[in-house]
Amino acid sequence: VAMLEFFEKKLKQVDNRARFLSCVLSGDIKIIPRKQKELLQEIAEKGFDPLPKEVLPAAVGATGDSEENGRSSDVLHASDYEYLTSMTISTLNEGYLEHLLVLKKRFETKVGLLRRTTPECRKSEKEPTISPDIQFLDANYIKAQSDRKVVIVIDCKHNNVFEAAPRRQHKRTAAEYLEV
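Per the working numbering, residue -18 is the first one in the sequence shown, and the count goes up by one each step.
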């Protein structure tokens, strides 16, 4: 059951990211000239799910007051939507949207398979460790985008890399000869 809940949460996160990116690209949500509070308000109004970060349990005997302990459901917290607002500007493009849609499809099939399995079978599987995979896929996507910007033109006939021609020496004018 824990594995199914884990993958459902990741599916919801990827689905919300794809919806958010779609809204940003279509112009429904403007992120640049806004205050964070206004952006969070609009994100909540558009129906995006808040996904609060898991807080590790406090040490025994700790008496520190944490803002996480006294959370009320009607107050917006920036950390609830951090998975949306922390997306880098370089990932706000059509290519990354397609990447997210592929991830969403993978998670949907995984969740569908897990729902059809028996609870005994789910318990026998290893604990889910997909979160680093998502970060790895995101990092690979960003790296691939930067690699595409660096283009080396190769001559197909000779397999030589084109290099810039040496600079031509300009001819001196008569005035330059007189100054020397």
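Just so you know, even glycine gets a beta-carbon here, dropped at the ideal spot from N, CA and C. What you are looking at is a predicted structure, and each value in this text was computed from that prediction instead of being measured.
If you reduce the DSSP assignment to three classes, tell me which class residue i lands in.
{"i": "Ala(-1)", "result": "helix"}
{"i": "His80", "result": "helix"}
{"i": "Glu89", "result": "helix"}
{"i": "Arg97", "result": "helix"}
{"i": "Asp30", "result": "coil"}
{"i": "Ile24", "result": "helix"}
{"i": "Lys(-7)", "result": "helix"}
{"i": "Ile10", "result": "coil"}
{"i": "Lys130", "result": "Any reading at Lys130 is ruled out, since the residue's pLDDT is 47, under 50, leaving its predicted position unreliable."}
{"i": "Ser60", "result": "helix"}
{"i": "Ser71", "result": "helix"}
{"i": "Lys18", "result": "helix"}
Going by C-alpha to C-alpha distance, which of the options sits closest to residue i?
{"i": "Leu82", "options": "Lys(-7), Met(-16), Gly8, Glu19", "result": "Lys(-7)"}
{"i": "Gly28", "options": "Arg0, Met(-16), Ile13", "result": "Arg0"}
{"i": "Gly8", "options": "Asn74, Lys85, Thr90, Leu(-15)", "result": "Asn74"}
{"i": "Lys72", "options": "Gln150, Val5, Leu20", "result": "For the sequence presented, residue 72 should be read as Thr rather than Lys. When only C-alpha atoms are compared, the closest one is Val5."}
{"i": "Leu2", "options": "Ser67, Val92, Gln150, Gln22", "result": "Ser67"}
{"i": "Glu(-11)", "options": "Pro100, Arg149, Thr98, Gly93", "result": "Gly93"}
Taking all protein chains shown into account, do 16 or more other C-beta atoms lie within 10 angstroms of the C-beta of residue i, making it buried, or fewer, making it exposed?
{"i": "Leu95", "result": "buried"}
{"i": "Lys86", "result": "exposed"}
{"i": "Lys(-9)", "result": "buried"}
{"i": "Ile70", "result": "exposed"}
{"i": "Arg(-2)", "result": "buried"}
{"i": "Leu84", "result": "buried"}
Worksheet item: Any contact of the region 59 to 78 with the region 20 to 32, i.e. 3+ C-beta pairs under 8 angstroms?
Response: yes
Practice prompt. State whether the region -17 to -10 contacts the region 15 to 29, with contact taken as three or more CB pairs (one from each stretch) at a distance under 8 angstroms.
Written response: no
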